[in-house]
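*Asks:* Please read through the structure below; I'll follow up with questions.
Chains as they are written, first to last, in my numbering: chain A, 77 to 463; chain B, 23 to 327.
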């Protein structure tokens, strides 16, 4: 009998302790005050181990769901699925995605006067006639806020190669046959090849971001010829694979995202450099968008706080420091200099400078998620894959 | 306190209720319909929709009802058919390699491992499945790569002077990956088929002094044929569909049927994705029919007579 009492008491104590723990755990997230926003975004939006620093900075609470980088996921979830009910805001590529979302009534038009950092945006996006103006607009109205950007380039292993490169030419040069790689995605790979072919005078391509059927064919046939000649070791898929290829020495140069180069250089402890290509780069931004349903429910207040924080130097410098991504905003250098304790200022300023150099190249082409001849891109990419 | 409580009339009442449920005419009989309903709702209807959607008109982001063979034209008129046929070839090679490596294991376990330990021995082949597919395949890269373990070994014993690059990012590595993924199925199915062969068959072969090769060719393989065919079809069809293998181990842009479907969905070409899926299903049905016609696959589940 006594033993049973004892057990019951112990059990009740345990129960109380557990309940207390649960309650405490339940209370904990509430310390980040402010309205809650349900955010569906790529993990790279968060340059911190948790969302807490961002929440405190923005004065909102974020209920986060991770999202992949593939465009089809957002389209199928937001247009066909129930994404509009599940999320208040979400991220994707600018330069096409916001058109598709706005055209289908998924996202709300934005009031830029509600973001005090809007003025920090560079003219190329803020000015309606800027080179990147289209990447946040649909029918001349603003529907998206850019939070990261970059000009993608060539990473090369200087330790192995012993020299610097400023051209895409070696990527296609038989000298490096079987020791180079490109991305397994027709968008960046065909655009970069088009930039190289056009700028080196081998082909005349009017708009490298929006090629005609014949131009797509020409670029694809060039890639097929190179592939058949054994030029490419492989085409990489995803971040980890890219890092693995570069760091293991499987390839000595590769067109890739900047974070891949940064992580690979650290992992291999080698001088793997992200170059500036004289022909040009594919330039892109990722944007955050507000769903129409959320705007109607009054979550727009929280959204503007979130977007404004993304535009602030507090956020953009941390993105730069953690992932090496650029921002389409100004004011980063001043912020870095004012906060020397938080950053490796010299290193980040050098990174920023090399970004400026890449952005300044005339032959750059903006990413276009939905080129007019999308089907031709797909058809010809399938031939490249099968070659 | 510890004995069962006298529940009086409650127990018989419960039994009656239970009996009522499991009675031939009670609601319990509906339980048998659950698997059927499940298969209809989650297998047959989606399969039918796959066919229907494959002939729909593609729109920018989705599709609309109609009838067009454009998706099939897209498939046969582009590089996709070449990728598809390439993956058919590597799947066929995979089946061959899996047979050569896996079937002898099944025969060995059945003939030479003591009866009580046979199932444990076969279970050992489940162990690799405890590790996720992605990790198993990814782990092959440091093994097969230019600076990998295999190349290190070959170079240190002087077989080659410079690293062999054909081991990774080639059709060879795709086959290695597929064999790694599916070999256990050849062992399981081969063992299952061999289990139905009674010992006296082996003893008879020994008695009449038939050699190993003859026994294998004229006795063991014919008897195990249904199991081998079932494993072969399973391995073949899954090799076509497992897009992780060409993704992680294949050469530049390597694609199998699974990759083609994933790419089509990524490009929001749903009718094309459905058409490729429909072609794969048709292929599987034809293979099953041929296999059944030649070897009567139902024998796999029957004891030896």
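All C-beta atoms, glycine included, are put in the ideal place defined by N, C-alpha and C.
#1: In terms of residue numbering, what span does the beta strand (DSSP E) encompassing residue 222 of chain A cover?
#2: Work out the CA separation of residue 135 of chain B and residue 142 of chain B for me, nearest whole Å.
#3: Does any CB atom of chain B fall closer than 7 Å to the CB of residue 266 of chain A?
#4: Could you tell me whether any Cβ in chain B is nearer than 7 Å to the Cβ of residue 325 of chain A?
#5: From the DSSP output, in three-state form, read off residue 29 of chain B for me.
#6: Are the CB atoms of residue 205 of chain B and residue 113 of chain B within a distance shorter than 7 Å?
#7: Kindly say whether residue 458 of chain A, judged by its beta-carbon, lies nearer than 7 Å to any beta-carbon of chain B.
#8: Just checking: is the beta-carbon of residue 249 of chain A within a distance shorter than 7 Å of some beta-carbon in chain B?
#9: In chain B, which residues lie with their C-beta within 9 Å of the C-beta of residue 430 of chain A?
#10: Looking only at C-alpha atoms, which of A:273, A:236, A:389 sits nearest to residue 341 of chain A?
#11: So residue 311 of chain A contacts chain B; which residues on that side make the cut at Cβ distance below 7 Å?
#12: Taking residue 137 of chain A as the reference, give the member of A:147, A:121, A:115, A:149 with the closest Cα.
#13: Please determine, among B:211, B:102, B:87, B:165, the residue with the shortest C-alpha to C-alpha distance to residue 321 of chain B.
#14: Residues of the segment 153-165 of chain A in Cβ contact with chain B at a cutoff of 7 Å, in chain order, please.
#15: Helix, strand or coil for residue 350 of chain A per DSSP?
#16: In chain B, which residues lie less than 8 Å from residue 254 of chain A when you measure between Cβ atoms?
#17: Can you name the start and end residues of the beta strand (DSSP E) that residue 139 of chain A belongs to?
#18: Would a check of beta-carbon distances place residue 345 of chain A closer than 7 Å to chain B?
#19: Starting from residue 281 of chain A, follow the alpha helix (DSSP H) in both directions and report where the run begins and ends.
#20: By Cβ distance below 7 Å, which residues in the same chain neighbour residue 412 of chain A in space, the five residues on each side in sequence not counted?
#21: Does residue 115 of chain A come out as helix, strand or coil in the three-state DSSP assignment?
#22: Ignoring anything shorter than 4 residues or poking outside the segment 99-152 of chain B, list the alpha helix (DSSP H) runs there in chain order.
#23: Using a Cβ-Cβ cut-off of less than 7 Å, list which residues of the segment 74-88 of chain B approach chain A; keep chain order.
#24: Could one say the Cβ of residue 148 of chain A lies closer than 7 Å to chain B's Cβ atoms, at least one of them?
#25: Is it the case that the segment 173-189 of chain A contacts the segment 218-233 of chain A, given that we only count it when at least three CB pairs across the two stretches are under 8 Å?
#26: Which residue from A:400, A:199, A:226, A:133 puts its Cα closest to that of residue 363 of chain A?
#27: Start and end of the alpha helix (DSSP H) containing residue 254 of chain B?
#28: The beta strand (DSSP E) with residue 311 of chain A in it runs from where to where?
#29: Out of A:121, A:175, A:207, point me to the one whose CA is closest to residue 447 of chain A's CA.
*Replies:* On the basis of the supplied data:
#1: Per DSSP, residue 222 of chain A belongs to the beta strand (DSSP E) from 221-233.
#2: 10 Å
#3: no
#4: Taking 7 Å as the CB threshold, residue 325 of chain A lines the interface with chain B.
#5: Confidence is the limiting factor: at residue 29 of chain B the pLDDT is only 47, short of 50, which leaves the residue's position unreliable, though a coordinate-based value still follows. Of the three classes helix, strand and coil, the one that applies to residue 29 of chain B here is coil, per DSSP.
#6: No, the pair does not count as a contact, with Cβ atoms beyond the cut-off.
#7: yes
#8: no
#9: What residue 430 of chain A touches in chain B: nothing, since even the nearest Cβ is about 28 Å away.
#10: Closest option to residue 341 of chain A, Cα to Cα, is A:236.
#11: 274, 275
#12: When each option's Cα is compared against that of residue 137 of chain A, the closest is A:115.
#13: B:211
#14: 155, 156
#15: strand
#16: Residues of chain B whose Cβ lies closer than 8 Å to the Cβ of residue 254 of chain A are, in chain order, 187.
#17: 137-142
#18: no
#19: If you look at residue 281 of chain A, you'll find it isn't in any alpha helix (DSSP H); DSSP assigns it neither H nor E.
#20: 393, 419, 421, 424, 425
#21: Under the three-state reduction of DSSP output, residue 115 of chain A falls in the strand class.
#22: 102-134, 140-145
#23: The segment 74-88 of chain B vs chain A, Cβ under 7 Å: 83, 84.
#24: yes
#25: yes
#26: A:226
#27: 243-263
#28: 308-312
#29: A:175
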